[in-house]
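Report on the following structure.
Chains as they are written, first to last, in my numbering: chain A, 228 to 436; chain B, 12 to 295.
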C-alpha cells in the first residue's frame, strides 16, 4: 500500500519524489547541482558519474540529506597546483554545495556535533579525460578534514558510474554500480550542469564557518 | 513511428556482411565442398587469414602446437565453426559505419565480448552446445542496440534516462519497449533475418531477454541470457545480485547449471577479456 507523501521542508518543494514500489518508500531524486534535506523517513537518490554526492545527517535526530556537485575542470597547470595553493578558484563550487547542505540540516534542527558523513561518486567514466573524479574526491576529503566532520563510509573512485540512495533517518546507504552503457548520458548531464554554474557568479547565503 | 524491421532496412548498405563470411557460408552449406575448399576461400582475404591464425593460436583454443596454416586452422577449429568465427571477427569493423553518441564502441564491444566469452565457457561446461556458436551468439546479442542508437538517438537517450530515473528498476529493453514499442532484441532479430544468419544465432539475439519465447534453441538462448547477466557482473566486478539485472529463474532448469557456476564464469571472463579485445576489435 502506498503511504502518504511526507511534507517537503521549506525550499525543497520542487524536488521530484517518486514512490518505490518494490521497497515501499518515497525517494527524492536530485540532479547535478541540487540538494535535498528531510526529517522524515524517506530516501534521497541520485546518479553519479565523476560528480560527488555527500550524504550528511544528524545521527541523533535523523535529520539529513544529500547534495550532488562537481568542481569545474581546469587547465592542467592549475589542477596540479590548486591543492598546494590552498583553495583554487574552482573549489568554491564544492564549498557552496557543502555549505548549502550543512546549513539546510542545521536550519531544520540538526546539530553540528552530531553530524556524520558518507561520500559517493568521483568515478573515472570517460577514458579520454583528465581524472575530474579524483579531483572531486580530493576536494571533498579535504573539506571534511578541514571542517572536522566525521566520515563514516565512502565508495568513491574507480571506473563506474553509480546510483546512490541514502536514508537520512537511519543513515543507511545503498550504492549500485552502473554499466558503462550509461556513461555518456550521465556525463552529458554533468557537463550541462557544470556549464550552467560556470556562467553564474557564486553568491548568496554562503557562510564559511 | 518506425518498426524494428524498417530500422534494419534503413541501414542497408551502411553495414554489410563481409565477403569472406558469405563465401565460407556457401561452402559450409554445400555437401560437395571439403575443408580444403573452405581453407582456400578463407585464404583469399589476407587480413582475414592473418587474424584467423592469431585466433587459432590464442588462449581461446589452447592448441598444444603452433597453428601455422589456414588449412590446419580450419581442420582443428572445424568447418562449420569457421563460419561463425568469420562473422565474429568482422562484426566490429562492419559496424564502424554506424557510429553513435550514446555509448563508446569500446564499451559496447567490451560487454559483448564478456558475454561471448561467458557463453562459450558455459557451453563447454554443460557439454551439449557448440562453444564457438555460443561465442558468436554472445558477441551479437545486443547488436540491435547499435542500430537503435544510430537511427533513433533521441528516443534511445530517452529510454536510457528512463532507466536511470527509475534507479535501474526498469531494464534497458523495458524502457525501449515503452519509448519505441520494440527493443534491441527485436531489432537484432530483424537483422539476423535480413542477413540470413543461422537460426541458433537469430534466436539467441531475438530472445535473450525472454527465454520462454525461444523455440528451437532454448538451451542456447538460456545460456546467452545467463551470460549477459554474468558479463555485467564481470564489467562491474561485482557478484552482488542487486547490481545486475535479474536472472530468469527458468534458465537453471533449461541449462542444468546451478548458481555455483556464476563466480568462476565471472573470473574466466575477466581473465580472458584483454586478449579477445585485441583479437576481435583490433585494439592493440
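The beta carbon of each residue, even a glycine, is placed where N, CA and C say it ideally should be.
Rounded straight-line distance, which links the Cα of residue j to that of residue i
i              : j              : result
residue 194(B) : residue 229(A) : 31 Å
residue 291(B) : residue 145(B) : 15 Å
residue 130(B) : residue 142(B) : 7 Å
residue 398(A) : residue 255(A) : 15 Å
residue 248(B) : residue 47(B)  : 44 Å
residue 13(B)  : residue 378(A) : 51 Å
residue 117(B) : residue 72(B)  : 24 Å
residue 58(B)  : residue 424(A) : 51 Å
residue 337(A) : residue 326(A) : 14 Å
residue 279(B) : residue 405(A) : 21 Å
residue 248(A) : residue 256(B) : 17 Å
residue 340(A) : residue 372(A) : 14 Å
residue 18(B)  : residue 114(B) : 19 Å
residue 81(B)  : residue 32(B)  : 15 Å
residue 218(B) : residue 196(B) : 7 Å
residue 411(A) : residue 121(B) : 16 Å
residue 309(B) : residue 369(A) : Residue 309(B) cannot be examined here, being either before or after the span of chain B that is shown, 12 to 295.
residue 407(A) : residue 277(A) : 13 Å
residue 385(A) : residue 182(B) : 23 Å
residue 285(A) : residue 291(A) : 6 Å
residue 354(A) : residue 52(B)  : 39 Å
residue 165(B) : residue 29(B)  : 30 Å
residue 276(B) : residue 241(B) : 7 Å
residue 369(B) : residue 105(B) : Shown here, chain B extends from 12 to 295; a query on residue 369(B) therefore has no answer.
residue 380(A) : residue 402(A) : 11 Å
residue 309(A) : residue 365(A) : Its pLDDT being 48, under 50, residue 309(A) is placed unreliably in this model, and the value from its coordinates should be taken loosely. Distance between the alpha carbons of residue 309(A) and residue 365(A): 11 Å.
residue 76(B)  : residue 93(B)  : 19 Å
residue 357(A) : residue 238(A) : 35 Å
residue 41(B)  : residue 20(B)  : 29 Å
residue 391(A) : residue 261(A) : 14 Å
residue 305(A) : residue 352(A) : Because the pLDDT of residue 305(A) is 47, which lies under 50, any placement of that residue in the model is unreliable, and the number read from its coordinates should be weighed accordingly. Approximately 22 Å between the Cα atoms of the pair.
residue 16(B)  : residue 202(B) : 8 Å
residue 382(B) : residue 321(A) : It is not possible to answer for residue 382(B), since the shown part of chain B is limited to 12 through 295.
residue 270(B) : residue 44(B)  : 43 Å
residue 299(A) : residue 421(A) : 6 Å
residue 311(A) : residue 367(A) : With a pLDDT of only 45 at residue 311(A), under 50, the local geometry of the prediction cannot be trusted, and no value is derived from it.
residue 89(B)  : residue 413(A) : 44 Å
7 Å Cβ shell around residue i - same chain, five flanking residues per side excluded
i              : result
residue 262(B) : 222, 233, 236, 237
residue 376(A) : 342, 344
residue 169(B) : 190
residue 4(B)   : Past the edges of chain B, shown from 12 to 295, lies residue 4(B), and the structure says nothing about it.
residue 50(B)  : 81, 82, 85
residue 70(B)  : 283, 286
residue 176(B) : none
residue 239(B) : 126, 152, 219
Assumed close pair residue i, residue j - CB separation to whole angstroms, cut-off 8 Å
i              : j              : result
residue 273(A) : residue 295(A) : 5 Å
residue 235(A) : residue 242(A) : 7 Å
residue 108(B) : residue 26(B)  : 6 Å
residue 268(B) : residue 133(B) : 7 Å
residue 215(B) : residue 228(B) : 7 Å
residue 39(B)  : residue 91(B)  : 5 Å
residue 279(A) : residue 363(A) : 5 Å
residue 272(B) : residue 136(B) : 6 Å
Spatial neighbours of residue i in its chain, beta-carbon cut-off 6 Å, leaving aside the 5 residues before and after
i              : result
residue 283(B) : 128
residue 150(B) : 99, 123, 127
residue 393(A) : 271, 282, 293, 400
residue 111(B) : 160, 161
residue 303(A) : Since pLDDT at residue 303(A) reaches only 44, below the 50 mark, its modelled position is unreliable, and the value read off the structure follows with that caveat. Hits under 6 Å: none found.
residue 396(A) : 268, 289
residue 409(A) : 388
residue 382(A) : 347, 402
residue 258(B) : 240
residue 240(A) : none
Other residues of its chain near residue i: CB distance less than 8 Å, five sequence neighbours each side excluded
i              : result
residue 79(B)  : 64
residue 147(B) : 95, 96, 98, 99, 127, 212
residue 313(A) : The predicted position of residue 313(A) is uncertain, since its pLDDT is 44 and thus under 50; no value can be drawn from it.
residue 335(A) : 236, 264, 266, 290
Residue i CB to nearest heavy atom of the ligand HEM below 8 Å
i              : result
residue 326(A) : No copy of the ligand HEM occurs in the structure displayed, which carries no ligand at all.
key: Short-range partners of chain A found in the region 239–259 of chain B, where Cβ spacing is below 7 Å   = Residues 243, 246, 247, 249, 253, 254.
query = Mind listing which residues of the region 150–177 of chain B have their C-beta closer than 8 Å to chain A's C-betas, in chain order?
reply = Along the region 150–177 of chain B, going in chain order, the ones with a CB nearer than 8 Å to a CB of chain A are 168, 171, 172, 174, 175, 176.
request  = With 9 Å as the limit, tell me which residues of the region 177–191 of chain B have their beta carbon closer than that to any beta carbon of chain A; keep them in chain order.
outcome  = For the region 177–191 of chain B, which is checked against every Cβ of chain A, the residues closer than 9 Å are 177, 178, 179, 180, 183.
ask   = At a Cβ cut of 8 Å, what residues of the region 97–118 of chain B count as close to chain A, listed as they run along the chain?
value = Within the region 97–118 of chain B, those residues whose Cβ lies closer than 8 Å to any Cβ of chain A are, in chain order, 112, 113, 114, 115, 117, 118.
query = Mind listing which residues of the region 374–392 of chain A have their C-beta closer than 8 Å to chain B's C-betas, in chain order?
reply = Close to chain B, meaning a Cβ-Cβ distance shorter than 8 Å, are the following residues of the region 374–392 of chain A: 387, 390, 392.
message = Restricting to runs no shorter than 4 residues, where is the alpha helix (DSSP H) found entirely within the region 150–230 of chain B?
response = 154–162, 164–176, 183–191, 195–205, 210–218, all fully within the region 150–230 of chain B.
Contact list for the region 403–430 of chain A against chain B, Cβ threshold 8 Å = Hits within the stretch, in order: 403, 404, 405, 406, 407, 408, 409, 410, 411, 412, 413.
inquiry  = Under 8 Å, CB to CB, which of the residues in the region 270–284 of chain A have a partner in chain B?
reply    = Cβ proximity to chain B below 8 Å picks out 272, 274 from the region 270–284 of chain A.
key: Complete alpha helix (DSSP H) runs within the region 308–380 of chain A (minimum length 4 residues, chain order)   = The qualifying runs are 318–334, 359–373.
request  = At 4 residues or longer, and completely inside the region 30–83 of chain B: list those alpha helix (DSSP H) runs for me, N to C.
outcome  = Runs of the alpha helix (DSSP H) inside the region 30–83 of chain B: 30–40, 46–54, 57–67.
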